[in-house]
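Asker: Input: one structure, supplied below.
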Amino acid sequence: MTEAELREQMVSLAHSLFMRGYSSCGAGNISCRLPDGGFLVTPTNSSFGALDAQRLSKLDEQGEWVAGDKPSKEAVMHRAFYQQRPQTGGVVHLHSPSLTELSCLPGLDAANCLPPITPYYVMRVGSLPLVPYFRQGDPGLAEEIGALAPRHNAMLLANHGPVVGGGQPAGSGVQRRGAGRYRAVIFHPAAPRHGDADPGTDPRVGHHV
Ligand SMILES: [Zn+2]
């Protein structure tokens, strides 16, 4: 995929997320890796609903801003993913309502914030570790993400929101969107409970892989 095509794909995905209520008022950021080892990321304070493909921030492999508008301070999180997961082509970070609410709850299991309640979650996420809280742009956050990235493609930032890596930005969006649904299932008081099947251990989950 050419850089021009990647730019258009980022704008299209961001607009889709915006229209579905996953991002508002400049919150969150998306990136994709470029063939030269650098990456594109959404500019600081930009709205997912009104991105300009030609003004996306372009950073080199060292994370230095080389073109486009000023990048988000959270670009360091994206670079940590690309450095530690060579297979990652795109990263999505959102302040989506459901998962941000989940990230603020006390007593979360730091090793896995969500139980394996559906086969899709087991297949696409596996486990969701909790990253300790850091202020925006704190290099400690990138260090924590970099330490988890070799083993996890999705993480929940405490009191902040999710960050997910995938093969392409569109793939990351699919995974994050799924995780958002799971939180709704867990906490909705009317959510149905069927039997005692556990997708984390039930061998029937393998039929969906
Ligand atoms: Zn954020």
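Numbering (the numbering used here), first residue to last: -5 to 203.
For every residue, glycine included, the Cβ atom is placed at its ideal position computed from N, Cα and C.
#1: Please classify Ala61 as buried or exposed, where buried requires at least 16 neighbouring CB atoms within 10 angstroms.
#2: Rounded to a whole number of angstroms, what is the C-alpha to C-alpha distance between Asp63 and Leu99?
#3: Pair every Cβ in the region 83 to 92 with every Cβ in the region 150 to 159, then say whether three or more of these pairs are closer than 8 Å.
#4: Please state whether the Cβ-Cβ distance between Pro37 and Ser51 is less than 8 Å.
#5: Where does Arg79 sit, in a helix, a strand or coil, going by DSSP?
#6: Using the Cα positions of Lys67 and Ile111, report the straight-line distance between them to the nearest angstrom.
#7: Anyone know if the C-beta pair for Ala105 and Pro123 falls short of 8 Å?
#8: Kindly examine ligand 1 and report whether one of its heavy atoms sits closer than 7 Å to the Cβ of Glu95.
Answerer: Short version:
#1: Exposed, by the Cβ-count rule.
#2: Asp63 and Leu99 have their alpha carbons spaced roughly 35 Å apart.
#3: Output reads yes: the region 150 to 159 touches the region 83 to 92.
#4: yes
#5: Here Arg79 sits in coil by DSSP.
#6: 34 Å
#7: For Ala105 and Pro123, yes; Cβs fall inside 8 Å.
#8: no
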